[in-house]
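K.L.:
In this note's numbering, the protein residues as written are 15 to 406. Ideal placement from N, C-alpha and C gives every residue a C-beta, glycine not left out.
1. So, for residue 66: in the same chain, excluding its five sequence neighbours on each side, which residues have a beta-carbon less than 7 Å away from its beta-carbon?
2. Distance, Cα to Cα, residue 15 vs residue 340?
3. One question on the structure: do residue 253 and residue 96 come within less than 9 Å of each other, judged by their Cβ atoms?
4. Give the secondary structure of residue 145 by DSSP, where H, G and I count as helix, E and B as strand, and everything else as coil.
5. For residue 218, list the residues DSSP reports as bridge partners.
6. Rounded C-beta distance between residue 179 and residue 135? I'm assuming under 8 Å.
7. On the DSSP letters alone, give me the boundaries of the alpha helix (DSSP H) that residue 258 sits inside.
8. Rounded to whole angstroms, how far is the Cβ of residue 39 from the Cβ of residue 370, which I believe are closer than 8 Å?
9. Cα separation between residue 273 and residue 160?
10. For residue 305, count neighbouring Cβ atoms within 10 angstroms of its own Cβ and tell me buried if that reaches 16, exposed if not.
11. Quick check on the DSSP output: what are the complete beta strand (DSSP E) runs of length 3 or more inside the segment 89 to 138, in order along the chain?
12. Hey, is the segment 294 to 304 in contact with the segment 46 to 56, meaning 3+ C-beta pairs nearer than 8 Å?
13. Tell whether a beta-carbon distance below 9 Å holds between residue 268 and residue 374.
14. In chain order, what are the residue ranges of uninterrupted alpha helix (DSSP H) at least 4 long that sit wholly in the segment 16 to 47?
15. So, are the CB atoms of residue 152 and residue 186 less than 9 Å apart?
16. Relative to the C-alpha of residue 418, which residue among 98, 57, 23 is closest?
17. Which of the three DSSP states, helix, strand or coil, is assigned to residue 164?
18. When the Cα atoms are used, what is the spatial distance from residue 230 to residue 24?
19. Who pairs with residue 180 in a beta bridge, going by DSSP?
20. I need the boundaries of the alpha helix (DSSP H) containing residue 57, first residue and last residue.
21. Of the residues 69, 71, 30, 72, which one's Cα is nearest the Cα of residue 55?
22. Should residue 148 be labelled buried (16 or more other beta-carbon atoms within 10 Å of its own) or exposed?
23. Please classify residue 350 as buried or exposed, where buried requires at least 16 neighbouring CB atoms within 10 angstroms.
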């Protein structure tokens, strides 16, 4: 597959792999156990400029694209840092891609240089308690107050708010019941998280969860958070198109993380299968174990191709919704299948924290539900690609 990638992406793979090699499975497992942000990895990646890959050169970045970000995320996850996918989704994805493609010149100058160096982190606030997959029904509102807007409402499952300097907040400036068409009335804002937390208008509550505990996933409460009009991303009431341009990179980066996570699980499973001897031979010689692992390997390589294609299309500002959805579906499925089969390969030892499989198993499962549920991806493929009737 390497010969298909541009030299820039191959260089990214080599550089990120060199950083990631310094942090073994035990490191990531300790961070998970301690619910601790992997600051050392983050700082090393930031120092190498690996978060600023897609930031234009005039703002201190690498001037590359989503393809290079996807390769970086895939490589980090393949090293064993499977939850580290959030590094690339939250800041370079939600922050860098959004501001680069839709920000004003002032916003770019204010934010992108710090993002490129890793000094600034981001989060996205979209999902709500009563509006998950159906984003059209969000109720968090933003109303005019002189030259500012006041944001009021609640979000849920917001990752990285505790580390974020900036938040992309998705609001309604026209209530859903009044919007015509239904996609009208969305406005996206850049929210200064530290300032809003300091003045008490923004608060958050971490949600106890099964895995990926290197970051919080939180309920977030907006109590008239004041945001200057200059922090609108795109245009007031016309933010739905911007939102889609946020979600496609999220799906592509999640897909890349899934491929990397699958590679990591296959590596652990195959190493064990080569070394573990039962009944006088390595268990990897048994087709009941070998063939499922081989099948997963084939799926990973196919999914990798679609992920790269989706990123390639996005970088050329061509339609990529179908490819992004297929890549995300495949990445989530193969990450879960690989972790599940690794668990089966290690037998009872998979249940032990001596091995990273139990952590990978927990990290992989959530991908089938986020950033978009598997069923909705299938519905999109069914209706948009196969021309079948809508079910909702």
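P.N.:
The relevant details are as follows:
1. Correct list, in chain order: 74, 75, 76, 129, 130, 131.
2. In this predicted model, residue 15 has a pLDDT of only 43, less than 50, meaning its place in the structure is not dependable; the value taken from the coordinates is given anyway. Between residue 15 and residue 340, the C-alpha separation is close to 19 Å.
3. no
4. strand
5. Beta-bridge pairing links residue 218 to 234.
6. 6 Å
7. Unbroken alpha helix (DSSP H) run through residue 258: 254 to 289.
8. 4 Å
9. Their Cα atoms are separated by approximately 48 Å.
10. exposed
11. Listed in chain order, the beta strand (DSSP E) runs fully inside the segment 89 to 138 amount to none, counting runs of at least 3 residues.
12. Flag = no, the segment 294 to 304 and the segment 46 to 56 do not touch.
13. no
14. 21 to 34
15. Inclusion of residue 152 and residue 186 in the CB contact set at 9 Å is warranted, their separation being smaller than that value.
16. Residue 418 lies beyond the residue range present for the chain, which begins at 15 and ends at 406; the question has no answer from this structure.
17. Of the three classes helix, strand and coil, the one that applies to residue 164 here is strand, per DSSP.
18. 32 Å
19. Beta-bridge pairing by DSSP links residue 180 to 136, 206.
20. 53 to 61
21. 30
22. Its Cβ having fewer than 16 others within 10 Å, residue 148 is exposed.
23. Counting of Cβ neighbours within 10 angstroms places residue 350 among the buried residues, the total reaching 16 or more.
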